[in-house]
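Notes follow once the structure below has been shown.
Chains as they are written, first to last, in our numbering: chain H, 85 to 557; chain Z, 85 to 557.
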């Protein structure tokens, strides 16, 4: 029995504006309306081959993991990271947990954002790695390149170990196109990021090459809280360096082995890759959502909110969401990363930019803006609490639409009253009143805030208390 | 003194999604943030040449006209159409009004959606038409073509009348490209839709060739209400055939004359035309709103709501609004009309399509949608009133954000209570309650509606009374 360890990290900025902090790439319905995380759960659903998976995800995405697991009908062991630290700490934490129960157990590390359609070939390829794994190897699955891609790492196979497995001669980080072509000619494979190893091997190699990470993960597992999910202890876990398992272990270990995958594979790393695997019409267009295409060919058009009309263009990508729109040539879609870098470097607008703004307690977004009013949607994560605050120039009116709100309102500190509001219930916060919103529940709280006043800027705020240290000193 | 008659009709579907039923093309800030209507007012602001203008507009756009006129500082005589009937009825109504005060007055008919920057050349060209007008001619201003456009009417000049003016030999409706090239070679001009004539001439020619329109307009003017604006009487005005002044009169009359315009001119008929006149950066891009362009040239990008990122494309048009996004090649931008036709032919979505839906009382738009909630923005025109209605499966919570609402709510017909809500005030409408919203004021009423319930479709509605005849028989 193999224990799948599914890693849900990876922001996937190349799939902006669909992939975002609150709905990262593994949870997007990219493949015929299904997420790659759900497909990954299904891929390891055969309980004669695979134990229930360990899923490592950000605490902020717990509800996404649980909803998908429930939809697929899979039991998972959910391990929550207080914040992402790349794959080495995640693998280390999973290995520590798995080894505590069974040091001899075999772990299959799987990124949650890959597409593999041929489950039979996948299972067969994994099974073929077992002899090497039993001899203490860490087997990485290599993908036969179909182009000189510059966005993947390459693996050069070395000495033959058995009829499917070779030792790894070396790892080559993302090469330029010319180097990539040479590597392909030499028989190198892409590094899929899928690994099979015994948990004891993982721990031994982590201890040898990344002792700080191994220690941090072990301490975080020992100090974890379990409320149906394992919450890794924040202080030790966040002390682990942010580094990938490839860098931390694979490029150094003497036990690396590689097997060429016999399954199809895409990491859906760009919108072009998403277009490649999408269902297309006779004109080569893949469209999702409220889109109308006229005289358009070879294009990917997706919208979750605005109606999109595309006229007279070929080979474009148009992705529209509630706060952002991407328009690019399909061949340039890996340049989206540069776009996101530029966008993230820009200062936030003070008011009414309609963009989702992430805060320690959740996020907010302006839905509508007038001369003297603004409508916002606020989402507060379980356990999240906004600062105790006051606005000099606006009133606010809140209506709860998801979850349960604990609201504190009073015209003075002495008269603060606490109320609980359920879905459909409202409260008015007069101009100048002290107020606070908290989510004491286990599901996200969403509320609609209608602001009215003569100035609506984010800087009209006086903070009295804050869980996240944002009060002025 | 010339009386300008500014026609604000024209939906301008080619500028979708910016031009819409509630903000048609003349009122869009297309030229350095200024609307062509405001520029048209400024063009005739010299009171030594022009009397205060008569503005003919849809009653639904009164607030747009008045706001622009106030911003420019111009007095206007505002004539409101109950619904648009094309230019012949509009010119006929203006002529009837002008002639009633002064039968010898000269009218300058000006579409509100054209761009003319050279005010001096404009005034000089208009002045040069006076001799012909005084001899009873209707002078149309012709534009020297710079390309074989297929979207304009052409005018073939005939016999010379004076050193600037010719009789019109014939009008040619939108030709194909080959015919357009031949017309240009023959010295034909584009029909600008700008006319100069005495009001008595207009009335005589309308009576001769379009008697039904002349009669309808006269009756509508006689029956008009005046509350600071002239509200044309609906029954007679709407009986007028929907036809242009060109078709109804100019193509038939014996008094048509043409003068070649010595001013610059654009009808901003396509996004390409808007790009042509826009301020552009070194890469030839014109961008407005929250847009980031990377490796992009020769493009027009405008957004009033979502953040827009364009990567690796040349010569495209991207226009994003709160409910729709257009993406097209600049050279194909006149195909937008086909897109709008296709979009308008599609059935309305039942729920959560984020598109503005126009109703007799105003419009509504979904701002956010969840499993069991929806947020809408409703705008009620002055005098508008929604039906008295009830929903079986949702509660509604309203907060007024602009104007004043008269709300009627009760759990039974016998217990209905009427309340007046100002900005920032709210009311809860429980599931099953009978309710109604009215705008008794003179400015639009906007309110935010938060719906909660297990079914949110538009078809969950029971109507008891309706001003617009929408109650079931």
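C-beta: ideal position from N, C-alpha, C; glycine also.
Beta bridge counterpart(s) of residue 250 of chain Z as assigned by DSSP = Note: residue 250 of chain Z sits in a beta bridge opposite Z:244, Z:342.
request  = Enumerate in chain order the residues of its own chain whose CB-to-CB distance from residue 220 of chain H is below 8 angstroms, with the five nearest sequence positions on each side excluded.
outcome  = So the list reads 282, 285, 339, once near-sequence residues are dropped.
key: Entirely enclosed beta strand (DSSP E) segments - the stretch 357 to 403 of chain H, minimum 3 residues   = If one requires a minimum length of 3 residues, the beta strand (DSSP E) runs lying completely within the stretch 357 to 403 of chain H are 370 to 372, 375 to 378, 384 to 387, 391 to 395, in chain order.
query = Taking Cβ positions only, does residue 354 of chain H come closer than 8 angstroms to chain Z?
reply = So, not an interface residue.
query = Just checking, does the stretch 203 to 215 of chain H make contact with the stretch 95 to 109 of chain H on the three C-beta pairs under 8 angstroms criterion?
reply = With the cut-off at 8 angstroms, the stretch 203 to 215 of chain H and the stretch 95 to 109 of chain H do not touch.
query = Taking one C-beta from the stretch 413 to 432 of chain Z and one from the stretch 409 to 428 of chain H each time, how about it: are there three or more such pairs within less than 8 angstroms?
reply = The count of Cβ pairs closer than 8 angstroms, one atom from the stretch 413 to 432 of chain Z and one from the stretch 409 to 428 of chain H, stays below three, leaving the stretches out of contact.
key: Listed by chain order, chain H residues near residue 390 of chain Z by CB distance under 9 angstroms   = Ordered by position in chain H, the residues that pass the 9 angstroms Cβ test against residue 390 of chain Z are 101, 389, 390, 404, 405, 406, 407, 408, 409, 438, 439.
ask   = Got a sec: is the Cβ-Cβ distance from residue 154 of chain Z to anything in chain H below 8 angstroms?
value = Chain H, which has no Cβ nearer than 8 angstroms to the Cβ of residue 154 of chain Z, makes this no.
inquiry  = So, at 6 angstroms on beta carbons, what are the nonlocal neighbours of residue 557 of chain Z in its own chain, with the 5 sequence-adjacent residues on each side left out?
reply    = Residue placement at residue 557 of chain Z cannot be trusted, given a pLDDT of 45 that sits under 50; what the coordinates show is reported in the next sentence. Once the five neighbours on either side are set aside, residue 557 of chain Z has no close Cβ partner at all.
ask   = Span of the beta strand (DSSP E) holding residue 42 of chain H?
value = Residue 42 of chain H lies beyond the residue range present for chain H, which begins at 85 and ends at 557; the question has no answer from this structure.
ask   = Between residue 383 of chain Z and residue 400 of chain Z, is the Cβ-Cβ spacing less than 8 angstroms?
value = Yes, the pair counts as a contact, with Cβ atoms nearer than the cut-off.
Range covered by the alpha helix (DSSP H) that runs through residue 421 of chain Z = Where residue 421 of chain Z is concerned, the enclosing alpha helix (DSSP H) stretches over 420 to 429.
Distance, residue 406 of chain H Cα to residue 102 of chain H Cα = C-alpha separation (whole angstroms): 10 angstroms.
query = Which residues in the same chain have their Cβ closer than 8 angstroms to the Cβ of residue 314 of chain H, if we skip the five residues on either side of it in sequence?
reply = For residue 314 of chain H, where only same-chain residues beyond five positions count, the Cβ hits under 8 angstroms are 161, 162, 163, 164, 181, 305, 308.
request  = Return the CA-CA distance between residue 361 of chain Z and residue 274 of chain Z, expressed in angstroms with no decimal places.
outcome  = Spanning the two alpha carbons is a distance of roughly 19 angstroms.
query = Start and end of the alpha helix (DSSP H) containing residue 439 of chain Z?
reply = Run containing residue 439 of chain Z: none; DSSP gives neither H nor E here.
ask   = On the three-state DSSP scale, how would you describe residue 347 of chain Z?
value = Note: residue 347 of chain Z maps to coil in three-state DSSP.
inquiry  = So residue 540 of chain H contacts chain Z; which residues on that side make the cut at Cβ distance below 9 angstroms?
reply    = Under the 9 angstroms cutoff, chain Z gives no residues; its nearest Cβ is about 11 angstroms from residue 540 of chain H.
is_contact[residue 379 of chain H, chain Z] using C-beta, thresh 8 angstroms = It does: the Cβ of residue 379 of chain H has a partner Cβ on chain Z nearer than 8 angstroms.
key: Backbone secondary structure at residue 110 of chain H - three-state DSSP   = Residue 110 of chain H: helix per DSSP, three-state reduction.
ask   = So does the stretch 357 to 372 of chain Z actually touch the stretch 380 to 394 of chain Z, counting three or more Cβ pairs closer than 8 angstroms?
value = Contact holds: three or more Cβ-Cβ distances are below 8 angstroms.
query = If the cut is a Cβ gap below 7 angstroms, which residues of chain H does residue 374 of chain Z touch?
reply = Result: 437.
ask   = Since residue 489 of chain H and residue 531 of chain H are thought to touch, with beta carbons under 8 angstroms apart, how far apart are those beta carbons, to the nearest angstrom?
value = Their Cβ separation, rounded to whole angstroms, is 6 angstroms, which keeps residue 489 of chain H and residue 531 of chain H in contact under 8 angstroms.
inquiry  = Check for me: the alpha helix (DSSP H) holding residue 320 of chain H runs from which residue to which?
reply    = Element bounds for residue 320 of chain H: 318 to 323.
task = Quick one: list the residues of chain Z neighbouring residue 413 of chain H, beta-carbon separation under 8 angstroms, in chain order.
result = In chain order: 395, 396, 397.
Contacting residues, own chain, Cβ-Cβ under 7 angstroms from residue 325 of chain Z (five flanking each side not counted) = Hits under 7 angstroms: 296, 297.
request  = State whether the stretch 226 to 241 of chain Z contacts the stretch 337 to 351 of chain Z, with contact taken as three or more CB pairs (one from each stretch) at a distance under 8 angstroms.
outcome  = Touching, yes.
query = Which residue comes first and which comes last in the beta strand (DSSP E) that contains residue 282 of chain Z?
reply = Its beta strand (DSSP E) spans residues 273 to 282.
message = Which residues in chain Z have a C-beta closer than 9 angstroms to the C-beta of residue 461 of chain H? List them in chain order.
response = Within chain Z, the residues whose beta carbon sits less than 9 angstroms from that of residue 461 of chain H are 451, 452, 459, listed in sequence order.
ask   = Under a CB-based cut-off of 8 angstroms, is residue 485 of chain Z close to chain H?
value = Cβ-Cβ to chain H under 8 angstroms: yes for residue 485 of chain Z.
inquiry  = Quick check on the DSSP output: the beta strand (DSSP E) that includes residue 636 of chain Z runs from which residue to which?
reply    = For chain Z, the structure presents residues 85 to 557; residue 636 of chain Z sits outside this window and is missing.
task = Compile a chain-ordered list of the residues in the stretch 483 to 511 of chain H whose CB is closer than 9 angstroms to at least one CB of chain Z.
result = Contact residues of the stretch 483 to 511 of chain H toward chain Z are 483, 484, 485, 486, 507, 508, 509, 510 (C-beta to C-beta distance below 9 angstroms).
ask   = What is the DSSP secondary structure of residue 482 of chain Z, counted as helix, strand or coil?
value = Looking at residue 482 of chain Z - three-state DSSP - the assignment turns out to be strand.
message = Any beta carbon of chain H sitting closer than 8 angstroms to that of residue 234 of chain Z?
response = In terms of beta-carbon proximity, residue 234 of chain Z stays away from the interface with chain H, with every pair separated by 8 angstroms or more.
task = Give the range of the beta strand (DSSP E) segment to which residue 453 of chain H is assigned.
result = From DSSP, the beta strand (DSSP E) with residue 453 of chain H extends over 446 to 453.
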